[in-house]
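For the sequence shown, the numbering used here begins at 70 and goes up steadily by one.
Note that the Cβ used here is the ideal one computed from N, Cα and C, for glycine as well.
From a predicted model like this one, the values you see are computed outputs, not experimental measurements.
Below you'll find the structure, written out as structure tokens, and then a few comments.
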Amino acid sequence: QVQLVESGGGLVQDGGSLRLSCTASGSIFSINAMGWYRQAPGKQRELVAVITSGGTTNYVRSAKGRFTISRDNAKNTVYLQMNSLKPEDTGVYYCNIHLLVGDYWGQGTQVTVSS
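Take a look at the structure:
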């Protein structure tokens, strides 16, 4: 069993910042990629940022220059620092980890950016 616990969402004004955290626990040998996805109301879930076990990162175009993904392998934790937030960043943010046995998802944390 693998569990993911997310934290850090909330309500912030346009231009504000938030930091999301996601910690994995359970039957984990090693984690390959770790990522953050978001789902806005009425839209499909989309990848926001991903970081590989080697530290390579990739971002959706709208997040480049504003968001930073990082991970602490000793703590099985992935972070998403979000700066210069915009109303269009509003949505439920989900943590995802990729293990050899499959993918696992967090429960989601709401991020709301008010204009």
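Alpha carbon to alpha carbon, how far is residue i from residue j?
| i | j | result |
| --- | --- | --- |
| G171 | Q179 | 25 Å |
| V161 | S139 | 19 Å |
| S131 | V119 | 14 Å |
Skipping 5 residues on each side, what residues in its chain have a beta carbon closer than 6 Å to that of residue i?
| i | result |
| --- | --- |
| I166 | A93, I100, M103 and Y173 |
| R135 | N152 and S153 |
List the endpoints of the continuous beta strand (DSSP E) containing residue i.
| i | result |
| --- | --- |
| T181 | T178 to S183 |
| V123 | Sequence check: residue 123 is Gly here, not Val. Where G123 is concerned, there is no enclosing beta strand (DSSP E), given that its DSSP letter is neither H nor E. |
| I138 | F136 to D141 |
| Q150 | T146 to M151 |
| L80 | G79 to Q82 |
Using only the heavy atoms of the ligand SAM, determine whether one of them is closer than 6 Å to the beta carbon of residue i.
| i | result |
| --- | --- |
| R135 | The ligand SAM is not among the ligands present in this structure, which contains no ligands whatsoever. |
Using C-beta distances below 8 Å, list every residue in its chain close to residue i, excluding the 5 sequence neighbours before and after it, in chain order.
| i | result |
| --- | --- |
| S86 | Q150, M151, N152, S153 and L154 |
| V81 | L87, L154, V180, T181, V182 and S183 |
Pull up the CB-CB distance for residue i and residue j, whole angstroms please, since I reckon it's below 8 Å.
| i | j | result |
| --- | --- | --- |
| S96 | V74 | Incorrect: roughly 15 Å between the Cβ atoms, too far for contact. |
| Y163 | R114 | 7 Å |
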